[in-house]
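Asker:
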Amino acid sequence: MPEGKSNYPPAEVVHRRSERVLLDMPLVIRGEPEDKLTFREQTFTLTVSAHGALVLLATTVVSGQTVVLMNPKTWDERKGKITYLGSSHAGLAQVGIEFEQPAPDFWSISSPPADWNLC
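Residue numbers for the sequence shown follow this note's numbering, beginning at 2 and rising by one.
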């Protein structure tokens, strides 16, 4: 194989609506009653964006399930949906949550990425 060539196909370019930020922030997530999977869990974020977050959850959730995220520092609450179910380690799973509406101010980041202002 020529130098610099790969046997793997080119990586798919993913264009995100808003930049992700690494942020370890406390968060309270609760399940909505209409999903019949009610829960309340204190957790934290791994990454955040104007459109949602990647969190760790011990509670089993399903894709499409409605949840409410609460920022315990501001008491701000936003509805979202489970959009990603990642791998589980030590009883915690990576879970992606997308806000119903973009919420760049939810995370209280003093200098958010420039594309968060476009939401």
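Backbone N, C-alpha and C fix where the C-beta goes; we use that ideal spot for every residue, glycine too. Model, not experiment: these values are computed from the prediction.
Of all the beta strand (DSSP E) runs that stay within the bounds of the stretch 31-113, which reach a length of 3 or more residues?
Answerer: 41-50, 53-58, 67-71, 78-90, 93-100
Asker: For Leu28, which beta-bridge partners are listed by DSSP?
Answerer: Partner(s): Thr44.
Asker: Ordered along the chain, which non-local residues of its own chain (more than five positions away) have a Cβ less than 6 Å from that of Thr84?
Answerer: Answer for Thr84: Gly97, Glu99, listed in chain order.
Asker: Rounded C-beta distance between Leu28 and Thr46? I'm assuming under 8 Å.
Answerer: 6 Å
Asker: Compute the Euclidean distance between the alpha carbons of Gln66 and Thr39, then round it to the nearest angstrom.
Answerer: 10 Å
Asker: Measure the CB-CB distance between Arg31 and Val68 and report whether it falls below 9 Å.
Answerer: yes
Asker: Is the separation between the beta-carbon of Glu33 and that of Lys80 shorter than 9 Å?
Answerer: yes
Asker: With a 10 Å radius around its C-beta and 16 neighbouring C-beta atoms as the bar for buried, classify Thr44 as buried or exposed.
Answerer: buried
Asker: Whose C-alpha, out of Asp116, Leu24, Leu55, is nearest the C-alpha of Leu93?
Answerer: Leu55
Asker: Can you check which of these residues, Leu70, Thr61, Met71, Arg21, is closest to Thr48 by C-alpha distance?
Answerer: It is Arg21.
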